[in-house]
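S.K.: Going by our numbering, the first residue of the sequence shown is number 1494, and it counts up by one from there.
Below you will find the structure I want to go over with you.
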Amino acid sequence: MRSLLLLASAALLIGAAPAKKKLLTPTDVVTSSPASAWKTIPADDLLVMDLANGGRVVVQLAPRFAPVHVANIRALARANYWDDASVYRVQDNYVAQLGQNESEKPWPAGVQPKPPEEYMRPTKGLAITPLGSPDAYAPNAGFADGWPVGYSPKAGWATLAHCYATVGVGRNLSPDTGTGGELYAIIGNATRHMDRNIAVVGRVIDGIEKLSSLPRGTEALGFYKDKAQYMPIAKLRLASQIAPGERPSYEYMDTGSASFAQYLHIRANRHDDFYIRPAGGVDLCNVQVPVRKKTA
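Shown next, in the form of structure tokens:
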């Protein structure tokens, strides 16, 4: 009897093992972040593309980085320039490209045919949150106004990074800079070698799978062999052109917020249940700035 009592006492002293503390994931940070950590995307900065197959692709525009090209895109959307346009090039692990495919369709009023090289902008006026890890394509990397950027504090320039879902302006050889009538979206690995060489005007924030899942073109550079393979665009317009009750609305996490700082730290130091060894660093394009649909 005495032995049983001693064993029971020992069990009480040892007790149950303490519960393991749950380690936060990036998703935990996003879902628990306060409303103050989010910024609404203006309706004039949302380009809504409805494909003929029923798919919808929503692009957030970046007027602070390519103001003339973005102004052109807005003018083209308001003039219904893309009514008979299509996705005519899908290159595996690279880009999906859309537009009129070098047609002679005239530019509508308000479009500047020869925009300046908006491949970089001054760092002055940008509040940049540093990535905290080395970057292979710029002296520094980080986030500004919700966008991933490469930048040089010494030379004073910043450029939007070509990450997955980035949207840029198709152009011919320099000095051509493209107008905004031909657009591409990155559907594969980040193409950072294109940074500072082409105008980046935004990113797909919803529906990138509608482009990345299209059949690959079989001709050089992923062009479709004939027009029967094109994916027609039913409508391409600004959200501000859609009735308020029907237009989509989104918000992104403020990259200057405490929530984003925590999110960035955890992205670089994953140590939740699945991970055995934290990486201790992160690539710029692997820190997707959180974007979500805005609830009414």
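Glycine included, C-beta positions come from ideal geometry on N, C-alpha and C.
How would you call ASP1538, buried or exposed, if buried means at least 16 neighbouring beta carbons within 10 angstroms?
M.R.: By 1-based counting over the sequence shown, the position of residue 1538 is 45. When all chains shown are included, ASP1538 counts as buried.
S.K.: Could you say if the segment 1623 to 1639 and the segment 1572 to 1583 meet the contact criterion of at least three C-beta pairs nearer than 8 angstroms?
M.R.: The answer is no - the segment 1572 to 1583 does not touch the segment 1623 to 1639, with fewer than three Cβ pairs under 8 angstroms.
S.K.: Secondary structure at MET1724, three-state DSSP: helix, strand or coil?
M.R.: Along the sequence shown, one-based indexing puts residue 1724 at 231. Note: MET1724 maps to strand in three-state DSSP.
S.K.: Applying the 10 Å Cβ sphere with the 16-neighbour rule, what's the burial state of ILE1769?
M.R.: Translated into the one-based positions of the sequence shown, residue 1769 becomes position 276. Answer is exposed; the Cβ neighbour count stays below 16.
S.K.: Would you give the residue range spanned by the alpha helix (DSSP H) that ALA1755 belongs to?
M.R.: Locating residue 1755 in the sequence shown gives position 262, counting from the first residue. It is Gln, not Ala, that sits at residue 1755 in the sequence shown. First-last of the alpha helix (DSSP H) with GLN1755: 1751 to 1761.
S.K.: What residue range does the alpha helix (DSSP H) around SER1705 cover?
M.R.: The sequence position of residue 1705 within the sequence shown is 212, counting from 1. Counting along the chain, the alpha helix (DSSP H) containing SER1705 begins and ends at 1701 to 1705.
S.K.: Strictly by DSSP, which residues pair up with ASN1633?
M.R.: Position 140 of the sequence shown, counted from the first residue, corresponds to residue 1633. Note: ASN1633 sits in a beta bridge opposite TYR1644.
S.K.: Taking the CB atoms as reference points, tell me whether ALA1683 and CYS1778 lie closer together than 9 angstroms.
M.R.: Start at 1 with the first residue of the sequence shown, and residue 1683 comes out as number 190. Start at 1 with the first residue of the sequence shown, and residue 1778 comes out as number 285. Contact: yes.
S.K.: With a 10 Å radius around its C-beta and 16 neighbouring C-beta atoms as the bar for buried, classify ALA1504 as buried or exposed.
M.R.: Taking the first residue of the sequence shown as position 1, residue 1504 is located at position 11. Annotation note: pLDDT 47 at ALA1504 (below 50); position unreliable, no value reported.
S.K.: Counting beta carbon pairs with one atom in the segment 1694 to 1709 and one in the segment 1644 to 1660, are three or more of them shorter than 8 angstroms?
M.R.: Segments in contact, yes.
S.K.: Is DSSP giving GLY1715 helix, strand or coil here?
M.R.: Here residue 1715 is taken as the residue at index 222 of the sequence shown, counted from 1. Note: GLY1715 maps to helix in three-state DSSP.
S.K.: Which term fits GLU1675, buried or exposed, when burial requires 16 or more other beta carbons within 10 angstroms of its beta carbon?
M.R.: Taking the first residue of the sequence shown as 1, we reach residue 1675 at position 182. The residue is buried, with at least 16 neighbouring Cβ atoms inside 10 Å.
S.K.: Taking the Cβ atom as the reference point for each residue, do TYR1677 and GLY1663 lie within a distance shorter than 9 angstroms?
M.R.: Taking the sequence shown and counting its residues from 1, the one referred to as residue 1677 is at position 184. Taking the sequence shown and counting its residues from 1, the one referred to as residue 1663 is at position 170. Contact flag set, yes.
S.K.: Would you decide whether GLU1611 is buried or exposed? Buried here means 16 or more other CB atoms lie within 10 Å of its CB.
M.R.: Taking the sequence shown and counting its residues from 1, the one referred to as residue 1611 is at position 118. By the 10 Å Cβ count, GLU1611 comes out buried.
S.K.: Which residue from VAL1551, VAL1523, THR1520 puts its Cα closest to that of ILE1735?
M.R.: Position 242 of the sequence shown, counted from the start, is the residue given in the question as residue 1735. Taking only the C-alpha atoms, the option nearest ILE1735 is VAL1551.
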